[in-house]
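**Student:** One structure, pasted below without further comment.
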Amino acid sequence: MTGSALLRWGLAVAVASLAEAARVAPPLPVLPIPTAAQLRWQRREVIMFFHFGMNTFTDSEWGTGREGPATFRPAALNASQWMDAAAAAGVSLAILVAKHHDGFCLWPSAYTEHSVSASPWRGGRGDVVRDFTDAARARGVDAGLYLSPWDRHDERYGREVAYNEYYLAQLHELLTGYGSVSEIWFDGAKGKNAKNMTYHFHEWFQTVRQLQSSINIFSDAGPDVRWVGDEKGSAGTTCWSTVNRSMITIGQAGIENYLNSGDPRGMDWVPPECDVSIRPGWFWHKNETAKNVSQLLDIYYNSVGRNCVLLLNTPPNSTGLVDDADIAMLRKFRAAVTTIFGTDLAAGSTAKASSERGGRHGGFAAANVLDGRDETYWAPTAEDGRKNGYWIELRRPATADGVGGPPFNVVRIQEHVAMGQRVERHVVYVDGAPVANGTTVGHKRLHRLSVPVSGRTVRIWLAARRGTPLVSAVGLHLDPFVAGMI
Ligand code: FUL
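Here the sequence shown stands for residues -21 to -1, 1 to 465, numbered as in mature numbering (1 follows the signal peptide of the UniProt record, and there is no 0).
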């Protein structure tokens, strides 16, 4: 063979083997898995709540239902100013309480006279839901709505069919009149002495789905998003996105622990949302003030850092505006989160793992945990776990002193939850010494270390799991607020 013939032959062989090297398929999911809408919701991480209504004017949390509509008179309601608060917090979804337990409707419902239409506000021609949804849309924020099942005003409450029909008619108004609604909140709360009444959740939920196909339905029991079981913004240190919905009765006490931790044997994907107010109350009260940055960061770590979405409430005041001080606090909170997570001290590291599905170039390499994308992930081979167990390790570039990488005190681990939640127990080692351990990981697990550590290698040991673990990210951060540096 001449030299050029040899070259042509060599090229032909190379092209043929390239064509033959079909890609290794992704592993099978571990059921249950999230819907597209649930995944979108999960990736929002922080969303906002606006409690505003009759209680804002009566200095109460639970109105009696006997308040006169004339009491509702915000002098300068401006929903686009509320969106300044949403922008300060950097959220992409905001939920408005359209009707709280007192039954007063913030939109001109055709099915009751107890609404903004009967109030002096804007001569009875105002519609807070309209202002809110318009303002949100104008700022690129998605809108959600809360419609309290418990209604202390309406005389139909207690007459099962009549009230369920009324409630459903209001759902129709809210879900057909205001464009796309991303989340609807069904609150299980009800006073001890309230009339005994069965809510027709099945009818309500199916109607919601018919009217808004990509909405997420929140209640104690989902079906899409569940309550976390407390109002402190704190999930369990073990927190599964899965539960068995059949174990949960909406509004029933005693299920809080189950909701807080979820269920590793759960057949339903219903991840938790942590609702908490920036102030002591859900509604605005003159003498209350916002939590400080360190309290808000604790809440962030205990919610977002434990596989949840944080639903943070900032109540507008009786003028119809969010207090400037609250907006300033949201801005500080956001800035703190950016300070901590805006810099990844794992950047520039190399990654290796106990094995890589399809090899180093098979699409599931260890390096995927460093690429900043949710869609890519590290997957081990199926046989891996039988040998040394599953682990992934970052090797960091040396600092000038050659001793270790820059110090960090937060370790971030993220599972590729689109394929199911798998990790049951994990340990974090720095240069061979354990620095943190925990149970579940889920969409995001944040470990705060009591003191910053340096080190060349960070290894995540996945000690127990349902199926092979799939990890989409590992990050290292320095939180100056923990270390008392700020
Ligand atoms: C609770 C309600 O009773 C509170 O007033 C508030 O709306 C909170 C978000 O849910 O169950």
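By construction, the Cβ of each residue, glycine as well, lies at the ideal position given by its N, Cα and C atoms.
These numbers come from a predicted model, not from an experiment.
If you measure between the beta carbons of Gly167 and His132, is that distance less than 8 Å?
**Tutor:** Against a cut-off of 8 Å, the Cβ pair of His132 and Gly167 comes out as no contact.
**Student:** Going by alpha carbons, who is nearest to Trp61 out of His264, Thr112, Ala315?
**Tutor:** It is Thr112 whose Cα lies nearest to the Cα of Trp61.
**Student:** Under 8 Å between the Cβ atoms of Glu403 and Arg444?
**Tutor:** Contact flag set, yes.
**Student:** Report, in whole angstroms, the separation of the C-beta atoms of Pro251 and Trp206, which I expect to be a contact under 8 Å.
**Tutor:** Pro251 to Trp206, Cβ: 7 Å. Contact.
**Student:** What I want to know is whether the C-beta of His151 ends up closer than 7 Å to one or more non-hydrogen atoms of the ligand FUL.
**Tutor:** No, the ligand FUL has no heavy atom inside 7 Å of this Cβ.
**Student:** Answer yes or no: do Leu349 and Ser328 have a C-beta to C-beta separation smaller than 8 Å?
**Tutor:** Yes, these two residues count as a Cβ contact at 8 Å.
**Student:** How is the beta strand (DSSP E) around Tyr125 delimited, first residue to last?
**Tutor:** Looking at the DSSP string, the run of the beta strand (DSSP E) that includes Tyr125 is 121 to 126.
**Student:** Runs of 3 residues minimum, wholly inside the segment 236 to 292: which ones carry the beta strand (DSSP E) assignment?
**Tutor:** Runs of the beta strand (DSSP E) inside the segment 236 to 292: 251 to 256, 288 to 292.
**Student:** With distance defined between alpha-carbon atoms, name the residue in Arg352, Lys169, Glu267, Thr436 nearest to Ala232.
**Tutor:** Minimum Cα distance to Ala232 is reached at Lys169.
**Student:** Measuring only the C-alpha atoms, how far is His80 from Cys218?
**Tutor:** His80 and Cys218: Cα-Cα distance of roughly 30 Å.
**Student:** Can you round the beta-carbon distance between Gly399 and Pro11 to whole angstroms, since I take them to be within the 8 Å contact cut?
**Tutor:** Correct: roughly 7 Å between the Cβ atoms.
**Student:** Mind listing, in chain order, the continuous alpha helix (DSSP H) runs of no fewer than 4 residues lying wholly within the segment 13 to 71?
**Tutor:** The qualifying runs are 15 to 23, 33 to 37, 58 to 68.
**Student:** Can you grab the Cα-Cα spacing for the pair Arg438 / Leu18, in whole Å?
**Tutor:** Each residue's Cα considered, the two are about 27 Å apart.
**Student:** Closest to Pro448 by C-alpha separation, out of Gly299, Asp458, Leu455, His395, would be which residue?
**Tutor:** The shortest C-alpha separation from Pro448 is found at His395.
**Student:** Less than 8 Å between the beta carbons of Phe51 and Val95, yes or no?
**Tutor:** In this structure, Val95 lies closer than 8 Å to Phe51 by Cβ.
**Student:** Would you mind working out which of Asn388, Thr298, Lys366 sits nearest Asn57, comparing C-alpha positions?
**Tutor:** Out of Asn388, Thr298, Lys366, Thr298 has the C-alpha closest to the C-alpha of Asn57.
**Student:** Considering only their Cβ atoms, is the gap separating Val107 from Trp86 smaller than 8 Å?
**Tutor:** Contact flag set, yes.
**Student:** Check each candidate in Glu144, Thr177, Thr35, Met176 and name the one with the smallest Cα separation from Thr91.
**Tutor:** Residue Glu144 is the option with its Cα nearest to Thr91.
**Student:** Quick check on this structure: which residue in Gly284, Thr378, Phe460 has the alpha carbon closest to the alpha carbon of His426?
**Tutor:** If we check each option's Cα against that of His426, Gly284 comes out closest.
**Student:** Would the beta-carbon of Asp254 fall within 8 Å of that of Asn296?
**Tutor:** Cβ distance not < 8 Å, so Asp254 and Asn296 don't count as in contact.
**Student:** Can you grab the Cα-Cα spacing for the pair Lys366 / Gly342, in whole Å?
**Tutor:** The alpha-carbon atoms of Lys366 and Gly342 are separated by roughly 22 Å.
**Student:** Decide if Ala117 is buried, meaning its Cβ has at least 16 other Cβ atoms within 10 Å, or exposed.
**Tutor:** Ala117 should be labelled exposed.
**Student:** By the three-class DSSP mapping on this structure, what secondary structure does Phe460 have?
**Tutor:** Coil at Phe460, not helix or strand.
**Student:** Note down, one range per segment and in chain order, each alpha helix (DSSP H) of at least 4 residues found wholly within the segment 104 to 186.
**Tutor:** If we require 4 residues or more, the alpha helix (DSSP H) runs fully inside the segment 104 to 186 come out as 107 to 117, 139 to 155.
**Student:** Considering Cα atoms alone, identify which of Arg313, Ser334, Asp353, Arg375 is closest to Asp363.
**Tutor:** Comparing Cα positions, the closest option is Ser334.
**Student:** Using 8 Å as the threshold, is the segment 182 to 199 in touch with the segment 256 to 272, meaning 3 or more CB pairs across them?
**Tutor:** Not touching, per the Cβ criterion.
**Student:** Is any heavy atom of the ligand FUL found at a distance shorter than 7 Å from the C-beta of Asp254?
**Tutor:** Yes; taking the cut-off as 7 Å, the Cβ of Asp254 has a heavy atom of the ligand FUL nearer than that.
**Student:** By the 10 Å Cβ neighbour count, where 16 or more other Cβ atoms means buried, how is Thr35 classified, buried or exposed?
**Tutor:** With 16 or more other Cβ atoms within 10 Å, it is buried.
**Student:** Grab me the residues of Asn416's own chain with a C-beta within less than 6 Å of its C-beta, minus the 5 sequence neighbours each way, in chain order.
**Tutor:** Once the five neighbours on either side are set aside, the close Cβ partners of Asn416 are Val406.
**Student:** Measuring alpha carbon to alpha carbon, tell me which residue in Asn239, Ala358, Val3 is nearest Gly212.
**Tutor:** The option with the nearest alpha carbon to Gly212 is Asn239.
**Student:** Let me know if Gly44 comes out buried or exposed under the rule of 16 or more other beta-carbons within 10 Å of its beta-carbon.
**Tutor:** Answer is buried; the Cβ neighbour count reaches 16.
**Student:** Take Ala(-6) and list the residues in its own chain whose beta-carbon comes closer than 8 Å to its own, dropping the five residues that flank it on each side.
**Tutor:** Low per-residue confidence applies at Ala(-6): pLDDT is 47, beneath 50, and the placement is therefore not dependable enough to give any value.
**Student:** Report all residues from its chain with a CB closer than 6 Å to the CB of Gly42; omit the five preceding and five following residues, and keep chain order.
**Tutor:** Correct list, in chain order: Met33, Asn34, Asp81.
**Student:** So Gln149 packs on Ser88, CB below 8 Å; how close in whole Å?
**Tutor:** With a Cβ gap of about 6 Å, Gln149 and Ser88 count as contacting.
**Student:** Under the criterion of a Cβ to heavy atom distance below 7 Å, does residue 475 qualify as lining the ligand FUL?
**Tutor:** Beyond the ends of the chain as shown, which are -21 and 465, falls residue 475; an answer cannot be given.
**Student:** Between the beta-carbon of Ile163 and the beta-carbon of Asp199, is there less than 8 Å?
**Tutor:** No; because the gap between Cβ atoms is not below 8 Å, this pair is not in contact.
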